[in-house]
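Here the structure comes first, spelled out in structure tokens, and everything after it is commentary.
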Amino acid sequence: MDDERPTSPPGSIPDTPMLDRAQQLRGWRINKMAMGLGEPENRHAFLADERAYLDRFGLTDEEVDAVTQRDWKRMIALGGNLFFVLKISAVDPVRMTEIGAAQVDMEHTAFLRDRLGKDG
Amino acid sequence: MAHLLAGLGTSHVPSIGVALDRGQQQSPEWKAFFDGYEPAQQWVRDNRPDVAVVVFNDHYNAMFLDRVPTFAVGCAATYAPVDEGWGPRAIPTFEGHPDFSWFLVDALVDNKFDPEIIQEIKVDHGLQVPLELFWGRPADRWPVKVVPIFVNVLQFPIPRPDRLYELGHALGAAIRAYDSEERFVVLGTGGLSHQLQGSRAGFTNPEADRAFLHDIATDPTKLAGWTREQYVETFGGEGAEVIMWLVMRGALDDVVTVLFDHYFVPASMTGAGMIGLQNTLR
């Protein structure tokens, strides 16, 4: 044991949303909706009438806005977890690195270059 | 008694599976990554393990938040690839080993670990990608049986790192006590550093990753002594899952020999690490 720091709640680590009790309760509706996209018939329903699909899960207006605008940063802020909301990119293709860039309000190529050290 | 040939550690990034699906192993972006696994694949061809105990986490593909087991042991006869949103990947279904799985469950409960028992479940990239990396993708059937150990590393409270190391001790003892001539490997998967969400997204920590690859061989008790919060800070919100390697390491002796290792950054957004460890006294 080289460190005797007291255990701090995970939410206290800067700029790092963790799926703790509060976050998973807040995000339940978004996450449940996104989990459904693992089923082909739900992906068809999402593509055919996105609003009707979202309404099945009782999303709030704010949550509906975040999802329909593909606002990846707000979805996370509202309690969505990346591994759930990533399934939206299976029906409406977006690269993982684009979702990452959206988290930090960066343009995609700048994100690749500055955070991941990739050119072009 | 069964033989524990080695412990293998690897990242399980989903983009690796996508690269395999698209046949991009020789592309400029991926060649150096996949080339790094050649010594490991050669070792697997030479040593032909019969059973792989795979320590990994489901990424909310087969399990939702309605039930969150801290530890679970797969006891099924087969594990099909799960649909993660893009349809199930075109890889063969994995064959399980229910007899060892139940033996392991008994051994864990006797050792005061109390896992959930799972007899019907599909598996996501967390298990698929490590099998593809070490064995290559077979045409019709996998040449190794799998025993999945699922660990919750996503929803807090996640288990303590030292607890995972101790789980590895119990796993190693169970393999050594199993009445069989089968040849086992234990896979620790996940990590290394990455963060996918929040304003620290895109964070990697190559220096810490390289130190981890060194310490997992030579000083695992140091890594087992870190707090969960140290893992999150050092390896990123999603990178903290690297604690699952401690189960693999705990199954081995205190003194191990490094068979091969590799590091590549970034695989998609992740510092991707790999290692093979063998008990020095065999």
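Residue numbers (my numbering), protein chains in the order written: chain A, 1 to 120; chain B, 1001 to 1282.
Here a beta-carbon is modelled for each residue, glycine too, at the ideal position from N, C-alpha and C.
These numbers come from a predicted model, not from an experiment.
Selection B:Ser1011, B:Glu1207 and B:Leu1005 evaluated against alanine 1267 (chain B) yields B:Ser1011 as nearest (Cα-Cα). A direct Cα-Cα distance of roughly 8 Å separates phenylalanine 1260 (chain B) from methionine 1274 (chain B).
Under the 9 Å criterion on CB atoms, arginine 51 (chain A) is classed as non-interfacial with respect to chain B. Arginine 95 (chain A) is classed as exposed because its beta carbon has fewer than 16 other beta carbons within 10 Å across all chains shown.
Counting C-beta pairs closer than 8 Å gives three or more between the region 1117-1135 of chain B and the region 1052-1066 of chain B, which meets the contact rule.
The straight-line gap separating the alpha-carbon atoms of proline 1028 (chain B) and threonine 109 (chain A) is approximately 18 Å. Rounded to whole angstroms, alanine 101 (chain A) and arginine 70 (chain A) show a C-alpha spacing of 13 Å. Annotation note: the region 1087-1139 of chain B contains the following uninterrupted alpha helix (DSSP H) runs of length 4 or greater, listed N- to C-terminal: 1098-1110 and 1125-1135. With respect to the 9 Å criterion, threonine 16 (chain A) and glutamate 1233 (chain B) are classified as neighbours on the basis of their beta carbons. Annotation: the continuous beta strand (DSSP E) that includes lysine 1145 (chain B) extends over 1145-1151. Chain-ordered listing is empty here: chain A has no CB closer than 7 Å to the CB of histidine 1097 (chain B), the nearest sitting near 26 Å.
Among the residues of chain B, none has a CB under 9 Å from the CB of threonine 68 (chain A); the nearest is roughly 18 Å distant.
With a threshold of 9 Å between beta carbons, valine 64 (chain A) makes no contact with chain B. Closest in alpha carbon position to leucine 1196 (chain B), among A:Ala52, A:Phe83, A:Lys118 and A:Gly27, is A:Phe83. By the Cβ criterion, the region 38-55 of chain A is not in contact with the region 1164-1173 of chain B, since fewer than three pairs of Cβ atoms, one from each stretch, lie closer than 8 Å. Rounded to whole angstroms, the gap between the alpha carbons of methionine 35 (chain A) and tryptophan 72 (chain A) is 16 Å. When Cβ-Cβ separations below 9 Å define contact, methionine 33 (chain A) makes no contact with chain B. Rounded to whole angstroms, the gap between the alpha carbons of alanine 1019 (chain B) and tryptophan 1030 (chain B) is 8 Å. For arginine 1200 (chain B), the nearest CB of chain A lies under 9 Å from its own CB, placing it at the interface with that chain. For leucine 1213 (chain B), the enclosing alpha helix (DSSP H) covers residues 1206-1218. In chain order, Phe57 place their CB closer than 7 Å to the CB of lysine 32 (chain A), counting only its own chain and leaving out the 5 sequence neighbours on each side.
Sequence-distant partners of leucine 37 (chain A) (beyond 5 residues in either direction) whose C-beta falls short of 7 Å from its own C-beta, in its chain, are Arg43, Phe46, Lys87, Ile88, Ala90 and Val91. Comparing C-alpha distances from valine 1256 (chain B) to each of B:Asn1279, B:Phe1235 and B:Gly1236 shows the shortest one belongs to B:Asn1279.
The DSSP-derived three-state label of aspartate 114 (chain A) is helix.
The Cβ of aspartate 114 (chain A) sits closer than 9 Å to at least one Cβ of chain B. Contacts with chain A (Cβ-Cβ distance below 8 Å) from the region 1135-1161 of chain B involve Leu1154, Gln1155 and Phe1156, listed in chain order. The beta-carbon distance between glutamine 24 (chain A) and glutamine 1155 (chain B), rounded to whole angstroms, is 6 Å. This is short enough to meet the 8 Å contact definition.
Methionine 1248 (chain B) sits in a helix when the DSSP states are folded into three classes. Below 8 Å, enough C-beta pairs join the region 1183-1199 of chain B and the region 1231-1246 of chain B to call them touching: three or more. Residue environment: alanine 1208 (chain B) is assigned as buried (16 or more neighbouring CB atoms within 10 Å of its CB, all protein chains considered).
Within the DSSP bridge table, the entry for asparagine 1279 (chain B) names B:Val1256 as partners. Here valine 1053 (chain B) is near valine 1186 (chain B), since their CB atoms are less than 9 Å apart. Just measuring C-alpha positions, the residue of B:His1003, B:Ala1224 and B:Ser1180 sitting nearest aspartate 1099 (chain B) is B:Ser1180.
For serine 1015 (chain B), the C-beta contacts it makes with chain A under 8 Å involve Met96, in order along the chain. The DSSP-derived three-state label of alanine 1267 (chain B) is strand.
The Cβ atoms of alanine 1107 (chain B) and alanine 1173 (chain B) lie closer than 9 Å to each other.
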